[in-house]
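Here the structure comes first, spelled out in structure tokens, and everything after it is commentary.
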Amino acid sequence: MEYERRQKVFEDDIERSTTEAQHRISEIQKNCSDSLETEKLNYQKDYKESIKMLEEKVMQNKKKYEEFCMTSTREMTIVPAEEIVILKKLLQKETLLRNATAKEINHLKNQMAELKMLEASRESDILKLRKMLEDETHQKEKLKGEIVRLRSQLLQLGSEVGKTQTCGVGFEKVAGDLDYSPTFLVKQQQRVRANGEKASVAKLFEHGRTLQKILSLLEAEDLDAQINAVKIITNLTSEERNQKKIVEAGGLTSLLTLLKNSKDETTQRVAASAIANLAMNETNQDLIAAQGGISLLSMTATIAEDPQTLRVVAGAIGNLCGNDKLQIKIRDEGGMKALLGMLRFRHGDVDTQIARAIANFAKCESKASSQGTKVGRSLLIADGLLPWIVKNANNEVSLVRRHIEIVLCHLAQNEANARDMISGGAIGELVRVSRDCSREDIRILARETLISNPAFQAEIRRLGIE
């Protein structure tokens, strides 16, 4: 019933638009006809008045000439030679005037001809406008049928997605999981293919025109069509082989625009999920940052209320944090502030993504410090994240705890962070990591870091926890 109601509204809009266009054409036609008739009457009036004036002048001149001839005949014998010369000049002048009058008449005739041509041209324009209106109406009907067809496809795909989500895999699920590695993607793709859902989407994706149509629906006024379209794009972005085509077709720009303009949190969440998928590629990360994606994700984090939305936003920012070229940009455009703000929800899935983002950021900083391209203490410490890091080093959520343990190791490798870590109580947690961490590689890294720093050794002796 809702679809029929919307279909009826759409048809009414088409009919109203057609009626309004016809009214406008009728008004334009009437105005042109009235204007043309007025100009025609004015030209005819001027023409008649000019002819009348010329005829009057001709009659006057003719009368004067006849009177002159009569007078000349009577007084021929007494007219001096000088007066004959004067009369010849007058006759010549009158002849020139008559010729000028004839030219004026021809000019008026030409103007009348031009007026008729203008009238014919306007009639031709009116016919063209009518043809354009008919073509536009036909095109609207064609687009209407295309929209109905695409909407049917989207609803069918959305139904298939709903079925796969009951098995633990879905459009939004892809971007929110902890592991964003290629291995994880392969596993996810295999699970989805097992359900047959991606095969139908990939079949559509093989046709570039279909991709463009799906992307165009991201700007649709129909919210259901928009959400179904962005879900399909999100699903496609989970496969690396599709990402380049989507970006080249303008999909990334469309997703960022949708994230910016949409007021619907579900739409924002799915769009952020697609952006998170694209952000697993370094080239795409640079494009996202260049197009203002960091600011948009940060803004979304401040207005979102659903933890699942925050989860995918934090996941997207976390992927960007793994790019060492974007460290300063992430901080300056509100990325770190957004991560801090999301901590207030105290939601396990959200905290996991935040911890992963911080771990990626710390890893890039540690690498830059060891290569000598970064000096000074960590931006994480400068932005006040150390207390939360220390507090959550033994978090009950294992994934959060694992990421924080890695963060502590990376921070400890930079000697510029030593004073803050000692005063912030991080050394005791680092000692615990070196002893109790479930992963051997992290235990070894923590132990080597503690041994290599004399300041840490002194703090350990002071605490009596050797």
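Just so we're aligned: 49 in UniProt numbering is position 49 of the sequence shown, and the numbers increase by one with no gaps anywhere. A virtual CB, placed ideally from N, CA and C, is assigned to each residue, including glycine. Since the model is a prediction, treat every value here as computed from it, not as a measurement.
If we call anything under 8 angstroms between Cβ atoms a contact, is A316 one with I275? yes
Cβ-Cβ distance between T237 and R269 below 8 angstroms: no
Expressed to the nearest angstrom, what Euclidean distance is found between the alpha-carbon atoms of E49 and E56? 10 angstroms
Using beta-carbon positions only, say whether V433 and L411 come within less than 8 angstroms of one another. no
Beta-carbon separation of L115 and Y43 under 8 angstroms? yes
Let me know the secondary structure DSSP gives G170 once reduced to three states. Low confidence applies to G170: its pLDDT is 32, below 50, so where it sits in the model is not reliable enough to give any reading.
With a cut-off of 8 angstroms on the beta carbons, I'd call I294 and I330 a contact; round off their distance for me. 6 angstroms
In the DSSP assignment, the alpha helix (DSSP H) including A276 goes from what residue to what residue? 265-278
Distance, Cα to Cα, E282 vs I354? 20 angstroms
Looking at the secondary structure, which residues open and close the alpha helix (DSSP H) in which L450 lies? 440-452
Same chain only: Cβ atoms within 8 angstroms of C364, ignoring 5 sequence neighbours per side: C321, G322, N323, D324, Q327
I214 versus V230, A272, D224, residue with shortest Cα-Cα distance: V230
Under a three-way DSSP split, which group does S378 fall into? coil
Under DSSP, the alpha helix (DSSP H) around F361 begins and ends at which residues? 348-370
Label F68 either buried or exposed according to how many other C-beta atoms from any shown protein chain fall within 10 Å of its C-beta, with 16 as the threshold for buried. exposed
Rounded straight-line distance, which links the Cα of T266 to that of D125: 49 angstroms
Where in the UniProt repeat "ARM" (209-251) do unbroken runs of the alpha helix (DSSP H), each at least 4 residues long, occur, reported from the N-terminal end onward? 223-237, 240-248
Grouping DSSP H, G and I as helix and E and B as strand, with all else coil, what is A426? helix
Can you name, in chain order, every residue of its own chain whose Cβ lies under 6 angstroms from the Cβ of D349, other than the five neighbours on each side? R311
For N414, report the span of its alpha helix (DSSP H) as first-last. Note, N414: premise wrong, no alpha helix (DSSP H); not H, not E.
Contact between the stretch 120-134 and the stretch 24-38: three or more CB pairs below 8 angstroms? yes
Give the secondary structure of I126 by DSSP, where H, G and I count as helix, E and B as strand, and everything else as coil. helix
By Cβ distance, which residues of its chain are closer than 7 angstroms to L218, with the 5 residues on each side in sequence left out? Q226, A229, V230, S254, L258
For A393, which of helix, strand or coil comes out of DSSP? coil
Can you tell me whether DSSP reads N319 as helix, strand or coil? helix
If you draw a straight line from the C-alpha of K64 to the C-alpha of E119, how long is it? 43 angstroms
CA-to-CA distance, I358 to G292, given in whole angstroms: 21 angstroms
Output the boundary residues of the alpha helix (DSSP H) element that contains R344. Note, R344: premise wrong, no alpha helix (DSSP H); not H, not E.
Do you know offhand how far D224's Cα is from D264's? 11 angstroms
Looking at C-alpha atoms only, which residue of L143, I84, G424, S452 is the closest neighbour of G384? G424
Measure the alpha-carbon distance for S370 versus K337 and round it to whole angstroms. 26 angstroms
Please report the straight-line C-alpha distance between E83 and L54, rounded to a whole angstrom. 28 angstroms
Any alpha helix (DSSP H) of 4 or more consecutive residues that is wholly inside the stretch 8-58: none
What's the gap between the Cα of R5 and the Cα of N395? 52 angstroms
CB-CB length for G251 against I233, believed under 8 angstroms: 6 angstroms
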